[in-house]
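As C-alpha cells, the structure follows; a few thoughts come after it.
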Amino acid sequence: MSVAPENYVLLSAVLFFIGVVGVIARRNPLIMLMSIELLFNAANLALVTYARAWANNAGHVFAFLVITVAAAEAAIGLAIVAVTFRRMPFVDIDEVSALKG
Amino acid sequence: MLLYLIWLLPLFGGVLLWALGPQLRSWAGPIGSALIGVAFAATVMQWNDATAPGGSHAVLVSWLPGWSFGLQLDRLSLIWSLIITGVGFLIHVYSIGYMDGDRAFARFFAYMNFFVFAMMTLVLSDNLVGLLVGWGLVGLASYFLIGFWFERPSAVAAARKAFVMNVVGDVGIMFAIFYVVAKVGSIGYADVFAHFQAAFTPHELFLVCLGLFIGCAAKSAQIPLHTWLPDAMEGPTPVSALIHAATMVTAGVYLVARFAPLWSASADARELVGAIGALTALAGAVLGCAQWDIKRILAYSTMSQIGYMIMGVGIGAYDAGVFHFFTHAFFKAQLFLGSGIVIHALANEQDVRRMGGLRTRLPFAFVAMLVGVLAISGVPGLSGFFSKDAVVYGALESGHPWLYAVGVVTAGITAYYMFRLLFVTFFGAYRGDVDPSDLGIRHPELAGIPSTSPAAAASSGRHPEEEEPHHHAPSWLMSVPVGILIVPTIAIGWLDAGPNGPWKQFFAGFFPRASEAAAGAPISETISTALVFVVVAIGFAIAYLRYAAPAALREAVARLRRETIRMPAVLVNAYYFDAAFEALLVRPARALGAWFYRSVDPHVIDAGVREAAWTSQWLGHLFRSFETGLVRAYALSIAFGVVCVVAYYAFAFAGGAR
Numbered sequence: 183m184s185v186a187p188e189n190y191v192l193l194s195a196v197l198f199f200i201g202v203v204g205v206i207a208r209r210n211p212l213i214m215l216m217s218i219e220l221l222f223n224a225a226n227l228a229l230v231t232y233a234r235a236w237a238n239n240a241g242h243v244f245a246f247l248v249i250t251v252a253a254a255e256a257a258i259g260l261a262i263v264a265v266t267f268r269r270m271p272f273v274d275i276d277e278v279s280a281l282k283g
Numbered sequence: 003m004l005l006y007l008i009w010l011l012p013l014f015g016g017v018l019l020w021a022l023g024p025q026l027r028s029w030a031g032p033i034g035s036a037l038i039g040v041a042f043a044a045t046v047m048q049w050n051d052a053t054a055p056g057g058s059h060a061v062l063v064s065w066l067p068g069w070s071f072g073l074q075l076d077r078l079s080l081i082w083s084l085i086i087t088g089v090g091f092l093i094h095v096y097s098i099g100y101m102d103g104d105r106a107f108a109r110f111f112a113y114m115n116f117f118v119f120a121m122m123t124l125v126l127s128d129n130l131v132g133l134l135v136g137w138g139l140v141g142l143a144s145y146f147l148i149g150f151w152f153e154r155p156s157a158v159a160a161a162r163k164a165f166v167m168n169v170v171g172d173v174g175i176m177f178a179i180f181y182v183v184a185k186v187g188s189i190g191y192a193d194v195f196a197h198f199q200a201a202f203t204p205h206e207l208f209l210v211c212l213g214l215f216i217g218c219a220a221k222s223a224q225i226p227l228h229t230w231l232p233d234a235m236e237g238p239t240p241v242s243a244l245i246h247a248a249t250m251v252t253a254g255v256y257l258v259a260r261f262a263p264l265w266s267a268s269a270d271a272r273e274l275v276g277a278i279g280a281l282t283a284l285a286g287a288v289l290g291c292a293q294w295d296i297k298r299i300l301a302y303s304t305m306s307q308i309g310y311m312i313m314g315v316g317i318g319a320y321d322a323g324v325f326h327f328f329t330h331a332f333f334k335a336q337l338f339l340g341s342g343i344v345i346h347a348l349a350n351e352q353d354v355r356r357m358g359g360l361r362t363r364l365p366f367a368f369v370a371m372l373v374g375v376l377a378i379s380g381v382p383g384l385s386g387f388f389s390k391d392a393v394v395y396g397a398l399e400s401g402h403p404w405l406y407a408v409g410v411v412t413a414g415i416t417a418y419y420m421f422r423l424l425f426v427t428f429f430g431a432y433r434g435d436v437d438p439s440d441l442g443i444r445h446p447e448l449a450g451i452p453s454t455s456p457a458a459a460a461s462s463g464r465h466p467e468e469e470e471p472h473h474h475a476p477s478w479l480m481s482v483p484v485g486i487l488i489v490p491t492i493a494i495g496w497l498d499a500g501p502n503g504p505w506k507q508f509f510a511g512f513f514p515r516a517s518e519a520a521a522g523a524p525i526s527e528t529i530s531t532a533l534v535f536v537v538v539a540i541g542f543a544i545a546y547l548r549y550a551a552p553a554a555l556r557e558a559v560a561r562l563r564r565e566t567i568r569m570p571a572v573l574v575n576a577y578y579f580d581a582a583f584e585a586l587l588v589r590p591a592r593a594l595g596a597w598f599y600r601s602v603d604p605h606v607i608d609a610g611v612r613e614a615a616w617t618s619q620w621l622g623h624l625f626r627s628f629e630t631g632l633v634r635a636y637a638l639s640i641a642f643g644v645v646c647v648v649a650y651y652a653f654a655f656a657g658g659a660r
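Each protein sequence line maps, in turn, to chains A and B. With the working numbering, you'll find the first sequence wraps up at 283, consecutive numbering, no jumps. With the working numbering, you'll find the second sequence wraps up at 660, consecutive numbering, no jumps.
Here is the structure:
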C-alpha cells in the first residue's frame with residue numbers, strides 16, 4: 183500500500199512551518215536547535231518524497247548530505263550553547279547580544 | 003679573451019676599491035692605476051686584431067633575434083680605447099699625487115675605475131642598447147665624481163645639474179633606439195647599417211639622427227645643453243682632465259663617427275650637426291675670454307674644441323674630427339693636469355687674477371701649460387695645428403664656407419684666451435697677496451676664494467694640512483704623467499701630416515663618403531693654413547698687448563680690476579643660458595608643482611581618498627544597524643529571504659508553465 187506523495191509533501195510543509203515558528207518564537211536555545219532539526223528533516227522528507235515520485239536517486243543522496251551537515255550543525259550548536267550557558271546562567275537567547283553592531 | 007679583459011678589469015678595480023677601500027688605504031691609488039695600465043697594455047696587444055677587416059668581435063649574450071649583445075673593437079673604438087686607458091692611466095697616476103691626503107682617497111679611485119669601465123662599455127659595445135647603457139653609466143660616473151666633495155653644496159648642485167642634463171640626452175638616444183628597433187628590428191650596428199637605407203625614408207632618418215644628436219649635445223656640451231660643463235669643474239682636477247676634457251665629453255663625437263653611415267645618408271642631419279658644432283665652438287671660445295677661474299677657462303675651451311670635433315664629424319670629415327679628438331685628449335689633459343699643479347701648489351686657488359708670476363715659482367707647470375697652449379692654439383708643428391687645420395679645411399672642402407669662416411675666427415679667439423690664461427697666470431708679479439677688491443673681486447667667498455681659516459679648510463675636505471699657500475714643487479707622481487703627455491702633445495700631430503699621412507691610411511675606407519660629391523675647395527690647403535695662422539697670430543698679439551707687454555704688466559692689478567668691472571654682463575652670465583633655463587623650464591615646472599600641490603593634491607587626490615573613506619564609513623553605519631545581536635531577528639530575516647526566493651520561483655515557474 184502506498185501513500186500518495188501529496189500527503190508526504192503536506193507533512194513536510196507542516197513540519198517546516200512548526201520548525202520556523204519554533205526558531206523565531208521560542209527563546210530557549212535548546213528548543214531552537216530542536217526546531218532547526220525539524221527544519222532539516224522536513225526538507226529531507228520532501229527530498230526523499232520527490233526522489234521516489236520521479237524515480238531519481240539524486241534526492242536520496244542529497245538527503246544523506248543534509249543528515250551529515252545536520253549532525254555537524256548539532257555538534258557545533260550544542261557546543262556554543264554549552265559555552266554560552268557557562269558564562270551567562272540564563273536560557274534566554276535574546277540576552278546573548280554581544281555581537282550587536 | 004683580451005677583449006673581456008680590457009672591458010672588465012676596470013670594473014673589477016672599481017668594485018675592489020669600493021669594497022675594500024678602508025682596508026687598502028693609500029694602496030688604492032697604485033692598485034687602481036695599475037689595473038688601468040694593464041687594460042692599456044691589453045688594448046695595445048689587441049692592435050692587430052682590431053685593425054683586421056671587421057675588427058675583433060665577441061658575443062656576450064644572444065637573447066632574441068636582433069637582440070645580440072657583444073663587444074666589438076674596430077679601428078674607431080680602438081682609438082677611443084687607447085685614449086681612455088692610456089691617458090686614463092696617466093691621469094690615475096697623477097691623481098695619486100693630487101688626491102694624496104684626501105679623506106676619500108680609495109673612493110676616488112673606485113669611481114675613476116668605474117668611469118673607465120663605463121666608458122669602455124660605451125665604446126666597445128656592438129649594439130645600440132649596450133651603447134646606451136655605457137652612455138648612462140658614464141653619466142653616473144660623472145655625477146659621482148663632480149659631486150666627489152659632497153660636503154660642498156655647489157659641488158652637489160653641479161653634479162645634479164650635469165646628471166639631469168645628461169639624462170635629457172639619454173632620452174633622445176632612447177627614442178632613436180625605439181625608432182630603429184621598430185623599423186629595422188635589430189639593435190646591432192652591423193644590422194642597422196646594412197638595412198637602414200631600406201627601412202627609413204630620408205625624413206625618418208633625420209629624426210633618428212636628431213635623437214642621437216640630442217644625446218651627443220648633452221654629453222658633449224653642445225649648445226644649448228652645454229651649461230653643465232663649466233659647473234662640472236667643481237670636481238677634482240684629474241676628473242676634469244679625464245672625464246670633462248679627454249674622454250667622456252667626446253662621446254658625442256664617437257657617436258656621430260660610429261653612426262657615420264646614417265649621417266652620410268642624411269644631408270639635413272649633417273647640416274644641423276655641423277652648424278651646432280660651429281656655433282658651440284664660437285660661443286665657447288668667446289665665453290673663454292670672459293672667465294677668471296682657470297678651470298672654467300679650460301672648460302669653455304673644451305666646449306669650444308668639442309664644437310670643432312662635432313663640426314668635423316658633422317660635415318662628413320670624420321677622420322679629421324676623430325683626429326681632433328685624438329690630439330685634444332693629449333693637450334687638454336695636459337692643460338688640465340698643468341693647471342692642477344698650479345691649483346695644488348697654491349692651495350686650491352683657482353682665480354687667475356690672484357695668480358701671476360708663477361713662471362719662476364712653478365717652472366715645470368709653466369712649460370707644461372706653455373706646450374699645451376701652443377698646441378691648442380694651433381701653432382704650426384704641434385698636434386693641435388694639424389687636427390684643427392684638418393677640421394677647418396674639411397668644412398671648406400665639403401662646401402660649408404660659413405662654417406669654415408666660423409672655424410677660422412674661433413681659432414683666433416682660441417689663441418687669444420689661451421694666451422690670456424697663460425700670461426695672466428705665469429707672467430708679471432704674484433698677486434696672491436693683493437687685496438681681492440683691488441682686483442675687482444667683490445665677494446671673495448662667492449668668487450670661489452677658499453677661506454683660509456683652519457676650520458673651513460678642514461670642513462671643505464680637501465688637503466686640510468694646507469692652510470697657507472705655499473709654493474711647493476709637485477711630487478714626481480704629478481710631474482711624470484704631465485711630462486709624458488708633453489711628448490704626444492708636441493709630436494702626435496705629424497700622424498696626419500701631408501695628404502696621405504698614417505692617420506688617413508689608418509681610416510682609409512673606414513668611413514663612408516658623403517652621398518653627394520664634395521664641392522671642392524676654392525682655396526688650397528696651404529693658403530687656408532696660412533690664413534688660420536695669421537688669425538692665430540692676431541689673437542696671440544692682442545693677448546700679448548693686453549696682458550704680457552711691459553706696459554700692461556706694470557699696471558696689471560689696475561688693469562685686471564678695470565677689465566673685471568667692465569666685463570659685459572652677457573658674457574659674465576654666459577649668454578643668460580642658465581637664466582633662460584631657469585625662466586623657461588625650472589620656474590614653470592616649479593609653478594606647475596606648486597599648483598598641483600595647492601589645487602590638485604588636496605582637492606582631487608586627497609579629496610578622492612577622503613570621499614572613499616567617508617562613503618565606506620557611511621555604508622558601515624548603515625549596515626551595522628542591521629546587526630541587532632538578536633538571534634531570532636536574524637532567523638526571521640532568513641525566513642523572510644527564503645519566503646521571497648520561494649515566492650519568486652513559484653511565480654516565475656507558474657508563469658513559465660502556462
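The beta carbon of each residue, even a glycine, is placed where N, CA and C say it ideally should be.
Which of helix, strand or coil DSSP assigns to residue i
i	result
residue 464(B)	With a pLDDT of 45 at residue 464(B), under the threshold of 50, the modelled position of this residue cannot be trusted, and the question is left open.
residue 238(A)	coil
residue 440(B)	helix
residue 628(B)	coil
residue 513(B)	coil
residue 129(B)	strand
residue 172(B)	helix
residue 470(B)	Note that residue 470(B) scores a pLDDT of 42, beneath 50, so its modelled location is shaky; the value from the coordinates is reported in the next line. If DSSP states are grouped into helix, strand and coil, residue 470(B) belongs with coil.
residue 268(B)	coil
residue 309(B)	helix
residue 144(B)	helix
residue 111(B)	helix
residue 457(B)	Here residue 457(B) scores only 36 on pLDDT, less than 50, and its place in the model should not be relied on; the value that follows carries that caveat. Reduced to three states, the DSSP call for residue 457(B) is helix.
residue 60(B)	strand
residue 70(B)	strand
residue 138(B)	helix
For residue i, the nearest candidate out of the options (CA to CA)
i	options	result
residue 282(B)	268(B), 311(B), 258(B), 298(B)	311(B)
residue 141(B)	265(B), 358(B), 220(B), 63(B)	220(B)
residue 488(B)	339(B), 587(B), 360(B)	339(B)
residue 185(A)	250(A), 231(A), 236(A)	231(A)
residue 198(A)	373(B), 156(B), 644(B)	644(B)
residue 143(B)	651(B), 57(B), 188(B), 168(B)	168(B)
residue 438(B)	490(B), 115(B), 41(B), 563(B)	563(B)
residue 237(B)	150(B), 410(B), 636(B)	150(B)
residue 247(B)	113(B), 543(B), 326(B)	326(B)
residue 549(B)	607(B), 75(B), 358(B), 650(B)	358(B)
residue 9(B)	124(B), 104(B), 51(B), 18(B)	124(B)
residue 257(A)	190(A), 206(A), 212(A)	212(A)
residue 243(B)	341(B), 182(B), 80(B), 292(B)	341(B)
residue 424(B)	304(B), 294(B), 526(B), 396(B)	294(B)
residue 531(B)	497(B), 392(B), 70(B), 512(B)	392(B)
residue 329(B)	81(B), 420(B), 362(B), 482(B)	81(B)
heavy atom of the ligand SAM below 7 Å from residue i C-beta
i	result
residue 40(B)	In the structure on display, the ligand SAM does not appear, and there are no ligands present to speak of.
Whole-Å CB distance - residue i paired with residue j, under 8 Å assumed
i	j	result
residue 214(B)	residue 178(B)	5 Å
residue 33(B)	residue 240(B)	16 Å between Cβ atoms; not a contact.
residue 202(A)	residue 221(A)	7 Å
residue 122(B)	residue 86(B)	6 Å
residue 148(B)	residue 161(B)	4 Å
residue 477(B)	residue 39(B)	About 19 Å separates the two Cβ atoms, so there is no contact after all.
residue 186(B)	residue 222(B)	Between residue 222(B) and residue 186(B) the Cβ distance is about 25 Å, and since that is not below 8 Å, they are no contact.
residue 156(B)	residue 107(B)	Not a contact, Cβ separation roughly 22 Å.
At 3 residues or longer, and completely inside the stretch 201-265 of chain B: list those beta strand (DSSP E) runs for me, N to C. none
When the Cβ atoms of the stretch 292-299 of chain B are set against those of the stretch 59-69 of chain B, are three or more pairs found closer than 8 Å? no
How do the stretch 537-544 of chain B and the stretch 403-421 of chain B stand: do at least 3 beta-carbon pairs fall below 8 Å, yes or no? yes
Would you call the stretch 377-386 of chain B in contact with the stretch 131-139 of chain B, where contact means no fewer than 3 C-beta pairs closer than 8 Å? no
Give a yes or no on contact between the stretch 350-357 of chain B and the stretch 495-505 of chain B, applying the rule of three or more CB pairs nearer than 8 Å. no
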